[in-house]
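Participant: Which chain is which? The protein sequence lines are A and B, in order.
Taking the working numbering, the leading residue of the first sequence gets 1, the next gets one more, and so forth.
Taking the working numbering, the leading residue of the second sequence gets 1001, the next gets one more, and so forth.
Don't be surprised by glycine CBs; every beta carbon is placed ideally from N, CA and C.
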Amino acid sequence: MTQAIEHLPSKLAHTAHGPRAFGWWGMVWLIATEATLFAMLIASYFYLRFRSQPEWPPSSIEAPELTLPLIMSVILLSSSIPVHFAEAAIKKGSVTGLRIGLALGSLLGAIFLGLTWGIEWPEALHHFTPRTNSYGTMYFTITGFHGAHVLGGLVFSVWTQVRAWKGAFGADRHLTVQNFTMYWHFVDVVWVAVMATIYLSPHL
Amino acid sequence: MATAALTRRGMFARPRATTGWWSWVTTIDHKKIGILYGVTAFVFFLIGGVEALFIRLQLARPDGQVLDAELYNQFFTMHGITMIFMVVMPMGVALMNYFIPLMIGARDVAFPRLNAFSYWVFLFGGIFVYSSFFLGGAPDGGWFGYAPLSRTLPGHGMSYYSLGLQILGIASLAGAVNFIVTILNMRAPGMTFMRMPVFIWMSLVVSFLLLFAMPVLAVALFQLMFDRLFGGNFFNPAVGGDPLLWQHLFWVFGHPEVYILILPAMGIVSEVLPTFSRKPLFGYAAIVFAGVAIGFMGWGVWAHHMFAAGLGPVANTAFALTTMFIAVPTGIKIFNWVGTMWGGSIRLTTAFLFAVGFVAMFIIGGLSGVTHAFVPHDAQQTDTYYIVAHFHYVLFGGAIFGLFGGLYYWWPKVFGRLLGERLGKLHFWLYFIGFNLTFGPMHIVGLQGQPRRIYTYPENMGWDLWNLVMTVGAFVIAVGTLVFIVNAVLSRKRGEEAVADPWDGRTLEWTTPSPPPEYNFSDVPLVTHRDDFWHKKYARTPEGEPVRVFAGAEHADDDEHHHGIHLPSPSYFPALAALGMPFLGYGTVYKILPAMIVGAAILLLGLFGWGLEPSVEE
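Written out as structure tokens, the structure is:
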């Protein structure tokens, strides 16, 4: 292969990113299928809500508190900002900007996850469990699925950061960064739907 | 710039074998993976077929004693799961794997290692489900797994169902992403959308259907798993759950799934009929858009599976109408296939016979399908053998006939030798007669009220004779399958050697040698027409007669200038990552945390190694 490269007539690009790269499209379709997964979970939630009984949440469970979820929303959604700037930085070739942006983004994501599993869930478990009724099952399934996706995003982030520190990325070589960014934004957007379904809709 | 990535070594030395079984484990060549898919699907076809024979033996006589009720439930459930998820889907994937790159002028699929991962996940998923037979009993709640029965059935069978189909679904999803990117992004220069072979179009539609249908099944299976294993309440009406939720989710997946099963066969038929009629496909654009329309409309008909569930007259009427509408694009295809044959100079090869058999049997299955759209009619048919007759006409007379047509058509390209035509025709007629003997009478006993899924029936219901006929028919099909196996073995040893273009074909795969080299095309083809190869072979005289302009593919690959062709290297990691799946499955079914941890560790290790190794190593 080295021979083949030497014989290339000019400096053709070895790497692609954005819509020119297969991997970018792979991420687009992965997100499409994941979005369907969440759409079906949320559809199940409303199906059970409207099929089951007049009161929701049932059996005198109170509608969820909004303060903590709103704080969590601000934290998670704002994590998209440094991630966005990380991508913008590496497009201009700034590895430092990339490292800082990714680190900030994953820190905010980790705080969100800590709040979900460290405070929000134990709090909810005082009132109901996944076994209590369909509402409890739905609550923990949907927030659990989303949390698992944030965790997956964090693993992806760490992977990208390790490679960023090893100098794997540059202005013309950053497909992994783009794919991570896209995935991270997606997980944040899904949170908006989860927030509306799990936390806001029971108040309606 | 790239040196850092190129010199870094993976955890193990890179596999280098190009022959022997190890080369098959580490291969990421789409052609080898296609063969693996095909062989595995065929083995499952034999297993699912044996299950069907046992079912028919049990039902041959009233009050049959061959199987007891429990085993019968396991057999008909596993027969359905096997034929749908482990035979028809992967057999279609086998042909897509092998022929998508060849027909669009590419050297491999977009993600070769993901492709290998798909295959190994499929294989391990299938083995996982089948291992339940030896571990206390297979799934026994029907392939549709209706709640609340499926959440309360004792034993581990339905837990295997929920986990096993989940694993198989991961394989399908990975394959779908791969094929979509391959078809959208890797077509040879000049291969515009409206120049793509119809098989490629149908593969694209199927991949999109998979992409959006499998997550729906995934959600339903997760819910079933939580209900069965972790005390969830999705389908528990006592505390606000609803069994109908399962039915909705399952059929929102299930009806697109029907088209996932049939569209590859429709694509194959659209390749076989023009080639052996020596005419271009009649109404290419109409067939393509009808296929795409089916892909969209297939999402709006699911509740016709639930007319007996009591959704109310408004919902029933709406879904009755959409169901009648979806017959329109299917009818468009049928007319265009007939138009393709009309006035053609037809060669009655085995592949052609299977394709025509597909069209004929699919018409019958399609018409009986339209009768389900009438809600009162459906109330009489639901849960009877009439339904069984309908979907076997669509899935056996349809999908399986189409797939065998594809096997006879493409066999010489894959294995370099033709299948015998005499045995092939014997195979076809045994299938055709056996199939109609088996499933034709089911219409009659079904309308007379013989219920499906029941392990026996009493005497003097008027069903005895027809049931015996069905059993005889099933064994005729079995003999046909044996003929195919004999044909395949004989072809391997002394079949006629295939030239590059044995059928005077129209599409790019026939420009490559049989079998194609690892890199498929030494030069990336430049496409200027639909049916490009035909146009390169033939010019038109002033009278409009085609005349041959050159000898065809024999010129290809006579030089040695393919040495620098860039191909991805083999890898252990897809198979290793896939090996984690059954561990996760067993760990979840039996709630053994260490097994789950081991499974997750294997999966992560595989993905880690996969991520670290460069795609090419010199």
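Which bits of chain B does S44 (chain A) rub up against, with CB to CB less than 8 Å?
Facilitator: Working through the first sequence from its first residue, we reach residue 44 (chain A) at position 44. Correct list: V1219, Q1223, F1234, L1245 and L1249.
Participant: Could you name the residues of chain A that A1110 (chain B) contacts, counting a contact when the two beta carbons are closer than 9 Å?
Facilitator: In the second sequence, the residue the question calls residue 1110 (chain B) occupies position 110. Ordered by position in chain A, the residues that pass the 9 Å Cβ test against A1110 (chain B) are F22, G23, W25 and G26.
Participant: Of all the CB atoms in chain B, is at least one closer than 8 Å to the CB of M40 (chain A)?
Facilitator: Along the first sequence, one-based indexing puts residue 40 (chain A) at 40. Yes, contact with chain B.
Participant: If we ignore side chains and look at the alpha-carbon of each, how far apart do V74 (chain A) and L66 (chain A) end up?
Facilitator: Position 74 of the first sequence holds residue 74 (chain A). Position 66 of the first sequence holds residue 66 (chain A). Answer to the nearest angstrom: the Cα atoms are 12 Å apart.
Participant: Take every Cβ of the segment 1600 to 1611 of chain B, pair it with every Cβ of the segment 1575 to 1583 of chain B, and state whether three or more of those distances are shorter than 8 Å.
Facilitator: Verdict: yes, contact present.
Participant: Taking only runs that begin and end inside the segment 1015 to 1097 of chain B, name each unbroken alpha helix (DSSP H) of 4 or more residues, in chain order.
Facilitator: Listed in chain order, they are 1021 to 1026, 1030 to 1059 and 1069 to 1081.
Participant: Indicate whether the contact test is met: 3 or more Cβ pairs, each with one atom in the segment 27 to 37 of chain A and one in the segment 1210 to 1228 of chain B, closer than 8 Å.
Facilitator: Verdict: yes, contact present.
Participant: Using 8 Å as the Cβ pair cut-off and three pairs as the minimum, do the segment 1463 to 1473 of chain B and the segment 1400 to 1420 of chain B touch?
Facilitator: Not touching, per the Cβ criterion.
Participant: Show which residues of chain A have a CB atom less than 8 Å away from the CB atom of P1215 (chain B).
Facilitator: By one-based count along the second sequence, residue 1215 (chain B) stands at place 215. Those within 8 Å of P1215 (chain B) in chain A are T33, E34, T36, L37 and M40.
Participant: Return the bridge partner residues of V952 (chain B) from the DSSP annotation.
Facilitator: No answer is possible for residue 952 (chain B): the residues shown for chain B start at 1001 and end at 1618.
Participant: What does N133 (chain A) touch in chain B if you count any residue whose Cβ is under 7 Å from its own?
Facilitator: Sequence index remark: in the first sequence, residue 133 (chain A) carries index 133 (1-based). N1233, V1239 and G1240, listed in chain order.
Participant: Quick one: measure Cβ to Cβ for Y135 (chain A) and G1232 (chain B), integer angstroms, because I've assumed they're closer than 8 Å.
Facilitator: The residue you call residue 135 (chain A) lines up with position 135 of the first sequence. The residue you call residue 1232 (chain B) lines up with position 232 of the second sequence. Actually they are not in contact, since the Cβ atoms of Y135 (chain A) and G1232 (chain B) sit about 12 Å apart, beyond 8 Å.
Participant: Can you tell me which of the three DSSP states D1558 (chain B) falls into?
Facilitator: On the second sequence, position 558 is the one that residue 1558 (chain B) refers to. Because the pLDDT at D1558 (chain B) is just 46, under 50, the model does not fix this residue reliably, and the point stays unresolved.
Participant: Give the single residue among B:G1398, B:L1249 and B:G1420 whose Cα lies nearest to the Cα of Y1408 (chain B).
Facilitator: Stepping through the second sequence from its first residue, residue 1408 (chain B) is reached at position 408. Checking every option, the nearest Cα to that of Y1408 (chain B) belongs to B:G1420.
Participant: Against chain A, which members of the segment 1170 to 1188 of chain B pass a CB distance test of less than 9 Å?
Facilitator: Against chain A - using a Cβ distance shorter than 9 Å - the residues of the segment 1170 to 1188 of chain B are L1173, A1176, V1177, N1178, I1180, V1181, T1182, L1184, N1185 and M1186.
Participant: As a quick exercise: from B:M1361, B:V1356 and B:Y1385, pick the residue whose alpha carbon is nearest that of E1271 (chain B).
Facilitator: Locating residue 1271 (chain B) in the second sequence gives position 271, where the first residue counts as 1. With distances taken between Cα atoms, E1271 (chain B) lies closest to B:V1356.
Participant: R1016 (chain B) CB to nearest chain A CB: under 8 Å?
Facilitator: As a working mapping, residue 1016 (chain B) is identified with position 16 in the second sequence. False, the Cβ-Cβ gap to chain A never drops below 8 Å.
Participant: Going by DSSP in three states, P1101 (chain B) sits in which element: helix, strand or coil?
Facilitator: Within the second sequence, the letter at position 101 stands for residue 1101 (chain B). Looking at P1101 (chain B) - three-state DSSP - the assignment turns out to be helix.
Participant: Could you give the C-beta distance for R1195 (chain B) and Y1519 (chain B), rounded to a whole number, given that I count them as a contact under 8 Å?
Facilitator: The count along the second sequence starts at 1 and reaches residue 1195 (chain B) at position 195. The count along the second sequence starts at 1 and reaches residue 1519 (chain B) at position 519. At roughly 23 Å, the Cβ-Cβ gap does not stay under 8 Å, so R1195 (chain B) and Y1519 (chain B) are not in contact.
Participant: Would you mind sorting H1443 (chain B) into buried or exposed? The rule is 16 or more other CB atoms within 10 Å of its CB.
Facilitator: By one-based count along the second sequence, residue 1443 (chain B) stands at place 443. By the 10 Å Cβ count, H1443 (chain B) comes out buried.
Participant: I'd like to know whether the C-beta of L1211 (chain B) is nearer than 8 Å to at least one C-beta of chain A.
Facilitator: Position 211 of the second sequence holds residue 1211 (chain B). Yes, its Cβ sits closer than 8 Å to a Cβ of chain A.
Participant: Could you tell me whether any Cβ in chain B is nearer than 8 Å to the Cβ of P202 (chain A)?
Facilitator: Working through the first sequence from its first residue, we reach residue 202 (chain A) at position 202. By this cut-off, P202 (chain A) is not an interface position.
Participant: Please check the pair I1167 (chain B) and F1124 (chain B), which I expect to be a contact at CB under 8 Å, by giving their CB distance rounded to whole angstroms.
Facilitator: Against the second sequence, residue 1167 (chain B) aligns to sequence position 167. Against the second sequence, residue 1124 (chain B) aligns to sequence position 124. With 8 Å as the limit, I1167 (chain B) and F1124 (chain B) qualify as a contact, their Cβ atoms being about 7 Å apart.
Participant: When you compare only the Cα positions, how much space is there between F1128 (chain B) and Y1393 (chain B)?
Facilitator: Position 128 of the second sequence, counted from the start, is the residue given in the question as residue 1128 (chain B). Position 393 of the second sequence, counted from the start, is the residue given in the question as residue 1393 (chain B). About 29 Å.
Participant: Quick one: does F1635 (chain B) have its CB under 8 Å from some CB of chain A?
Facilitator: No information on residue 1635 (chain B) is available, as it lies outside the stretch 1001 to 1618 that chain B covers here.
Participant: Taking the continuous alpha helix (DSSP H) assigned at P1243 (chain B), which residues delimit it?
Facilitator: By one-based count along the second sequence, residue 1243 (chain B) stands at place 243. Looking at the DSSP string, the run of the alpha helix (DSSP H) that includes P1243 (chain B) is P1243 to S1277.
Participant: Count the other CB atoms within 10 Å of the CB of M963 (chain B); is the residue buried (16 or more) or exposed (fewer)?
Facilitator: Only positions 1001 to 1618 of chain B appear in this structure, which leaves residue 963 (chain B) out of reach.
Participant: Are the C-beta atoms of P130 (chain A) and some chain B residue less than 8 Å apart?
Facilitator: For the purposes of this step, residue 130 (chain A) is identified with residue 130 of the first sequence, where counting begins at 1. So, interface residue.
Participant: Whose C-beta lies closer than 7 Å to the C-beta of A1094 (chain B) among residues of the same chain, with five residues either side of it excluded?
Facilitator: In the second sequence, counting from the first residue as 1, residue 1094 (chain B) sits at position 94. Once the five neighbours on either side are set aside, the close Cβ partners of A1094 (chain B) are G1034, Y1037, G1038 and A1041.
Participant: Which of the three DSSP states is assigned to P1189 (chain B) in this structure?
Facilitator: Within the second sequence, the letter at position 189 stands for residue 1189 (chain B). In the structure shown, P1189 (chain B) sits in coil (DSSP, three-state: anything other than H, G, I, E or B).
Participant: Less than 8 Å between C-beta atoms, sequence neighbours within five positions excluded: which residues of the same chain meet that for E62 (chain A)?
Facilitator: Translated into positions along the first sequence, residue 62 (chain A) becomes position 62. Result list for E62 (chain A): H127, in chain order.
Participant: What's the C-alpha gap between E55 (chain A) and P1215 (chain B)?
Facilitator: Residue numbering aside, residue 55 (chain A) sits at position 55 when the first sequence is read from its first letter. Residue numbering aside, residue 1215 (chain B) sits at position 215 when the second sequence is read from its first letter. Those two C-alpha atoms are separated by around 30 Å.
Participant: Residues of chain B with CB closer than 7 Å to the CB of L30 (chain A), please, in chain order.
Facilitator: The residue given as residue 30 (chain A) occupies position 30 in the first sequence. Here the neighbours are V1177.
Participant: Assuming L1418 (chain B) contacts E1496 (chain B) (C-beta within less than 8 Å), just tell me the rounded distance between them.
Facilitator: Along the second sequence, read from residue 1 onward, the residue named residue 1418 (chain B) stands at position 418. Along the second sequence, read from residue 1 onward, the residue named residue 1496 (chain B) stands at position 496. So it is a contact: roughly 5 Å between Cβ atoms.
Participant: Does G1611 (chain B) get closer than 8 Å to chain A when you measure Cβ to Cβ?
Facilitator: Taking the first residue of the second sequence as position 1, residue 1611 (chain B) is located at position 611. So yes, G1611 (chain B) belongs to the interface.
Participant: Quick check on DSSP: helix, strand or coil for P1594 (chain B)?
Facilitator: The count along the second sequence starts at 1 and reaches residue 1594 (chain B) at position 594. Helix, per DSSP.
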